[in-house]
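See structure below.
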Amino acid sequence: MTVRARQAMLTTSLGGLMAEAQQEKRATRRFGLRLPVSVSYPENGNQEVSAETRDVSARGICFFVDAPIASGAPIEFTLTLPPEITLTESIRVRCKGKVVRVDDGGSNAKMAVAAVIDEYEFLSES
Numbered sequence: 001m002t003v004r005a006r007q008a009m010l011t012t013s014l015g016g017l018m019a020e021a022q023q024e025k026r027a028t029r030r031f032g033l034r035l036p037v038s039v040s041y042p043e044n045g046n047q048e049v050s051a052e053t054r055d056v057s058a059r060g061i062c063f064f065v066d067a068p069i070a071s072g073a074p075i076e077f078t079l080t081l082p083p084e085i086t087l088t089e090s091i092r093v094r095c096k097g098k099v100v101r102v103d104d105g106g107s108n109a110k111m112a113v114a115a116v117i118d119e120y121e122f123l124s125e126s
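According to my numbering, the sequence shown holds residues 1 to 126 in order.
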């Protein structure tokens, strides 16, 4: 399957998630997925920080990091969607958004950062 075909399939899937979410009271349905994510934000000089997601939706993400990120801060992050989700190969997605909430992560001593996804793009294979 070509990259363009996979992008079309994933865009359709994300659009389906958004349509499904509009029928729920919550803005979007969350999926409890533990995925690797690289995060960068101005407070750390835009250096990439490795993190792990707690959950993902069509419009947002929650991930764990060692230090808090200010609510309202712009962020960029790259997710790797595994074959179990894409039904093909792993696909990387670069997203831009804004932090909407930061919580104490609890027992893992990390901070849970919730962010809205404003834009995303599928990255070509390297």
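Beta carbons are placed, not taken as given, at the ideal position from N, Cα and C, and that holds for glycine.
For this session: Grab me the residues of ARG54's own chain with a C-beta within less than 8 Å of its C-beta, minus the 5 sequence neighbours each way, in chain order.
Result: GLY32, ARG34, CYS62, PHE63, PHE64, ALA112
Problem set entry | Alpha carbon of ALA58 to alpha carbon of GLU119, nearest angstrom | 11 Å
For this session: Give, in chain order, every unbroken run of the beta strand (DSSP E) that is at least 3 residues long and sits entirely within the segment 14–81.
Result: 36–40, 49–56, 60–65, 74–81
For this session: Evaluate ALA70 with the Cβ neighbour count: other Cβ atoms within 10 Å of its Cβ, from every protein chain shown; 16 or more gives buried, anything less gives exposed.
Result: exposed
For this session: Would you tell me roughly how many angstroms separate the C-alpha atoms of GLN22 and LEU87, rounded to the nearest one?
Result: A caution first: GLN22 carries a pLDDT of 44, below 50, which makes its placement in the model unreliable, though a value can still be read off. One C-alpha to the other measures close to 25 Å.
Problem set entry | For GLU121, the three-state DSSP class (helix, strand or coil) | strand
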